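Undergrad: Just dropping this structure here.
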Amino acid sequence: MADYADDAAALFESLEIDRVNVIGISFGGMVAQHL
């Protein structure tokens, strides 16, 4: 799960997004909690 969160964080960083609200259901919710 941490790998998915790391990938999402890397995507936000590459897009130069400083702040983001992450909302997820089921699998996405678990990824969001790791961010």
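Number 55 marks the last residue of the sequence shown (my numbering); no jumps.
We put the beta carbon where it would ideally sit given N, CA and C, even for glycine.
None of the values given here were measured: they were computed from a predicted structure.
#1: Rank 44, 29 and 43 by C-alpha distance to the C-alpha of residue 37 and give the top, closest one.
#2: Between the C-alpha atoms of residue 39 and residue 52, what's the straight-line distance to the nearest angstrom?
#3: How is residue 38 classed by DSSP in three states: helix, strand or coil?
TA: According to the structure shown:
#1: Closest option to residue 37, Cα to Cα, is 29.
#2: Looking at the two C-alpha atoms, the distance is approximately 13 angstroms.
#3: Here residue 38 sits in coil by DSSP.
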